[in-house]
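Enquirer:
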Amino acid sequence: MTSLVRMRLTGFLRGGRILAPAIAVLVVLGVIYGGGASPAAIAYGYSAAAVFPVLAWQSKLLLDTEPDTQRRLARVAVGGRREALAGLLAAGVLALLVCALAMGAPWIFNGIDTGQAVVSGTLLGVLAHLLAVPPAVALGALASRAVTRGARNGIAVLVTAAVLVVVLGLQGSVAPWLVPPVMATARALNDVKPPPVATVAVLVVWAVLWCGVAFGAYARLRRTRT
Amino acid sequence: MRFDGVWFRYGRRADWTLREVTRGIEAGQTVVVLGRNGAGKSTLLQLAAGVLRPSRGAVLDRPAIVGWVPERFPADQPFTAGDYLHRMASLRGRAASEADAWMERLLLTEHTGTRLPDLSKGTAQKVGLAQALIARPGLLILDEPWEGLDSVARTLIPEIVAEVTAAGGMVLVSDHRGEVAGLADATHWQVSDALVSEASAPAATALDEVIIEVKVRRAESPRVVAQLEAEGHQILEVRGVAAAQPQQGRSGPGLTIAPGGFSAREAGGGS
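Okay, here's the thing in structure tokens:
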């Protein structure tokens, strides 16, 4: 399966389709850190929320790079489950690399206020990004061509879900649990003082449950949508 | 391997592409799937390969290793032919040398460094064939394998099919142009109206025959026609050479013959 993950990453990177999401990430980082240094937790909380839609988009792009027939050849070669899993892993690896870039870049441009709670803030930032990656990959996968079967449907799923993540994630939302806790994490980190452990635990469990449902739906859909 | 009451359609509201398919393939057997374009041959093959999942019913006892050669190789990928086949070998847990061996056998070695999108249709098709064979499949599925292949590669296909079946494998081949003459001892399935039925091998006519155009003197033509018909050949046409090819300015009927038993037909030999 590692061969298939590598093949898909190579195909995506060589095809040059990474360029558009990479530029989007740079724009997002420019907006977040352009105004000066902020405490690590606050900056990274916003960063995780802001890169979430880009991570979902690039996951969809990666999964859509391979021609449909090649995806089916891979399915014949390694089996349906492993073919689907390899796609998710490839998207996850790429999303982690982008998160590492998003977290590392502000240090070069003095975007992080080194005066207060740097270590705890950075660790919370890592957590915030780790909580954003799996839901973003799941959303990208659910919007991928294998599932939605057409470019228009795929974009509709991706855009609608990305907007809902923000709208339903706002404070006082009627159904915040319908979307992954991306906005909730940014809010919890919006203070120099670390959030209570209970809050962090709720965010982690929420993200895990949401991802469980989303990946479950993807696995189910991919049984018939090859 | 068995198709056990397999029904398939491409969407909930779509018509059934295949209905109630219950057929089996034995180890060492070659099955040729016949049918017109759009009859459902590729769908049947993809169900056998496990690329598609039956809407109802099941495909049972599929061999562990399946090689599928799609009708059109997906050449729009940023790999060279060699790199691609090495990667496909790696997916199957096979050594790169096994991919190299197939490249050599399918005369692909000179294209090792060519990017897949730059390959000609036939060469890309051979890459598709190679990726299916690397893992020594227990079930080989060939979807219109002759499309775009040169004559050398065409002769290789019956050879490869024979090797797979000799090793106890099964082969499923679709064919809509009647090129299956080279596959010995094949069973034939006919796909039509969403049903799959056992078919007799397509009649040898059209498959093994050639058309010869012969020019004879007009006076001798009745005797030649009679003689050829007596020998079992089929006269397709008798025409005047001058009428058909006025630039030559010579008269005399031309005969078109093929084995069979039709009678001669005057087609304008009066000038």
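Chains as they are written, first to last, in the working numbering: chain A, 1 to 226; chain B, 1 to 271. We put the CB at the ideal spot given by N, CA and C, even for glycine.
1. Give me the Cβ distance between V173 of chain B and L195 of chain B, rounded to the nearest whole Å; I'm assuming they're in contact under 8 Å.
2. For a contact defined as C-beta to C-beta under 8 Å, what are the partners of D272 of chain B on chain A?
3. Output, in chain order, the set of chain D residues within a Cβ distance shorter than 7 Å of A77 of chain A.
4. For the alpha helix (DSSP H) containing D68 of chain A, list its first residue and its last residue.
5. Let me check one thing: in DSSP terms, what residues is T30 of chain B bridge-paired to?
6. Determine, using beta-carbon pairs with one atom in the stretch 133–140 of chain A and one in the stretch 79–94 of chain A, whether at least three such pairs fall under 8 Å.
7. Consult DSSP for L140 of chain B and reduce its assignment to one of helix, strand or coil.
8. Using the beta-carbon count (16 or more within 10 Å), is V198 of chain A buried or exposed?
9. From the DSSP output, in three-state form, read off A184 of chain A for me.
10. Could you pull the start and end residues of the alpha helix (DSSP H) that Q116 of chain A belongs to?
11. Counting contacts by CB-CB distance shorter than 9 Å, is G303 of chain A in contact with chain B?
12. Verify the CB distance criterion: does F79 of chain B have a CB-CB separation below 9 Å to chain A?
13. Within 9 Å of any Cβ in chain B, is that where the Cβ of M7 of chain A sits?
14. Going by CA-CA distance only, name the one from A:V202, A:D64, A:S144 that's closest to A161 of chain A.
15. In terms of residues, what are the limits of the alpha helix (DSSP H) holding I160 of chain B?
16. For F215 of chain A and S90 of chain B, what's the separation of their Cα atoms in angstroms?
17. Could you name the residues of the stretch 72–100 of chain A whose beta carbon sits closer than 7 Å to any beta carbon of chain B, in the order they occur along the chain?
18. Leaving aside the five residues before and after R9 of chain B along the sequence, list all residues of the same chain whose C-beta is less than 6 Å from its C-beta, in chain order.
19. Which bits of chain B does Q70 of chain A rub up against, with CB to CB less than 7 Å?
20. Between R12 of chain B and I65 of chain B, how many whole angstroms is the CB-CB distance? I'm expecting something under 8 Å.
21. What do you reckon, are the CB atoms on P180 of chain A and L131 of chain A nearer than 9 Å?
22. Hey, is the stretch 71–81 of chain B in contact with the stretch 62–72 of chain A, meaning 3+ C-beta pairs nearer than 8 Å?
23. Which class does L170 of chain A belong to by DSSP, given the choice of helix, strand or coil?
24. Please report the straight-line C-alpha distance between R115 of chain B and V225 of chain B, rounded to a whole angstrom.
25. Which chain B residues sit within Cβ distance under 7 Å of R222 of chain A?
26. Ends of the alpha helix (DSSP H) at H86 of chain B?
27. Kindly identify the DSSP beta-bridge partner or partners of P39 of chain A.
28. Per DSSP, which one or two residues make a beta bridge with H188 of chain B?
29. Measuring straight from C-alpha to C-alpha, what distance separates V69 of chain B and T10 of chain A?
30. So that I know if they touch, is there some Cβ in chain A lying closer than 9 Å to that of G148 of chain B?
31. With H, G and I counted as helix, E and B as strand and the rest as coil, what does DSSP make of G104 of chain A?
32. Skipping 5 residues on each side, what residues in its chain have a beta carbon closer than 7 Å to that of F52 of chain A?
33. Find out if the Cβ-Cβ distance for the pair L44 of chain B, V191 of chain B is shorter than 9 Å.
34. Could you give the DSSP three-state label for T226 of chain A: helix, strand or coil?
35. Using a Cβ-Cβ cut-off of less than 7 Å, give me the residues of the stretch 52–67 of chain B that come near chain A, in sequence order.
36. Is DSSP giving R94 of chain B helix, strand or coil here?
Expert: Once the coordinates are examined:
1. Numbered from its first residue, the second sequence carries residue 173 of chain B at position 173. Numbered from its first residue, the second sequence carries residue 195 of chain B at position 195. With a Cβ gap of about 19 Å, V173 of chain B and L195 of chain B do not count as contacting.
2. One cannot answer for residue 272 of chain B here, as it falls past the ends of chain B, which runs 1 to 271.
3. The chain inventory of the structure shown lacks chain D, comprising the protein chains A and B.
4. For the purposes of this step, residue 68 of chain A is taken as the residue at position 68 of the first sequence. Counting along the chain, the unbroken alpha helix (DSSP H) around D68 of chain A starts and ends at 68–78.
5. Along the second sequence, read from residue 1 onward, the residue named residue 30 of chain B stands at position 30. Beta-bridge pairing links T30 of chain B to B:V171.
6. yes
7. Counting from one through the second sequence, the residue named residue 140 of chain B turns up at place 140. Three-state DSSP puts L140 of chain B in a strand.
8. What you label residue 198 of chain A is simply residue 198 of the first sequence in a count that begins at 1. Correcting the residue identity first, residue 198 of chain A is Ala in this sequence and not Val. Exposed.
9. Residue 184 of chain A sits at position 184 when you count from the first residue of the first sequence. In the structure shown, A184 of chain A sits in a helix (DSSP, three-state: H, G or I).
10. In the first sequence, the residue the question calls residue 116 of chain A occupies position 116. Careful: Q116 of chain A lies outside any alpha helix (DSSP H) and carries neither H nor E.
11. With chain A running from 1 to 226 in the structure shown, residue 303 of chain A is simply not present.
12. Within the second sequence, numbered from 1, the residue matching residue 79 of chain B stands at position 79. Judged by the 9 Å Cβ criterion, F79 of chain B is in contact with chain A.
13. By one-based count along the first sequence, residue 7 of chain A stands at place 7. M7 of chain A counts as touching chain B.
14. Taking the first sequence and counting its residues from 1, the one referred to as residue 161 of chain A is at position 161. Closest option to A161 of chain A, Cα to Cα, is A:S144.
15. The sequence position of residue 160 of chain B within the second sequence is 160, counting from 1. Here the alpha helix (DSSP H) through I160 of chain B covers 151–166.
16. Sequence index remark: in the first sequence, residue 215 of chain A carries index 215 (1-based). Sequence index remark: in the second sequence, residue 90 of chain B carries index 90 (1-based). When the Cα atoms are used, F215 of chain A and S90 of chain B turn out to be separated by approximately 27 Å.
17. R72, L73, A74, R75, V76, A77, V78
18. Taking the first residue of the second sequence as position 1, residue 9 of chain B is located at position 9. Counting only Cβ-Cβ distances below 6 Å, and skipping sequence neighbours, we find W16, T17, S55.
19. Residue numbering aside, residue 70 of chain A sits at position 70 when the first sequence is read from its first letter. Those within 7 Å of Q70 of chain A in chain B are P74, Q77.
20. In the second sequence, residue 12 of chain B corresponds to position 12, counting from 1. In the second sequence, residue 65 of chain B corresponds to position 65, counting from 1. Not really, about 33 Å apart at Cβ, beyond 8 Å.
21. Position 180 of the first sequence, counting from 1, holds the residue named residue 180 of chain A. Position 131 of the first sequence, counting from 1, holds the residue named residue 131 of chain A. Contact: yes.
22. yes
23. Within the first sequence, residue 170 of chain A is the residue found at index 170, counting from 1. Residue state, collapsed to three classes: coil.
24. Translated into positions along the second sequence, residue 115 of chain B becomes position 115. Translated into positions along the second sequence, residue 225 of chain B becomes position 225. One C-alpha to the other measures close to 55 Å.
25. Stepping through the first sequence from its first residue, residue 222 of chain A is reached at position 222. Within 7 Å Cβ-Cβ: nothing; R222 of chain A doesn't reach chain B, min ~10 Å.
26. Within the second sequence, the letter at position 86 stands for residue 86 of chain B. If you look at H86 of chain B, you'll find it in the alpha helix (DSSP H) that goes 81–91.
27. Within the first sequence, numbered from 1, the residue matching residue 39 of chain A stands at position 39. Looking at the DSSP assignment, P39 of chain A forms a beta bridge with A:D113.
28. For the purposes of this step, residue 188 of chain B is identified with residue 188 of the second sequence, where counting begins at 1. Answer by DSSP bridge pairing, in chain order: B:V32, B:A199.
29. As a working mapping, residue 69 of chain B is identified with position 69 in the second sequence. As a working mapping, residue 10 of chain A is identified with position 10 in the first sequence. Between V69 of chain B and T10 of chain A, the C-alpha separation is close to 23 Å.
30. As a working mapping, residue 148 of chain B is identified with position 148 in the second sequence. Taking Cβ atoms only, chain A never reaches closer than 9 Å to G148 of chain B, which makes this a no.
31. Here residue 104 of chain A refers to the residue found at position 104 when the first sequence is read from its first residue. Residue state, collapsed to three classes: helix.
32. If you number the first sequence from 1, residue 52 of chain A lands on position 52. If we look at F52 of chain A and ignore the five residues flanking it on each side, its Cβ neighbours are A132, A136, V165, V182.
33. On the second sequence, residue 44 of chain B is found 44 positions in, with the first residue counted as 1. On the second sequence, residue 191 of chain B is found 191 positions in, with the first residue counted as 1. Yes, they are a contact pair.
34. To locate residue 226 of chain A, count along the first sequence from 1; it is residue 226. Of the three classes helix, strand and coil, the one that applies to T226 of chain A here is coil, per DSSP.
35. L52, R53, V66
36. Translated into positions along the second sequence, residue 94 of chain B becomes position 94. Coil.
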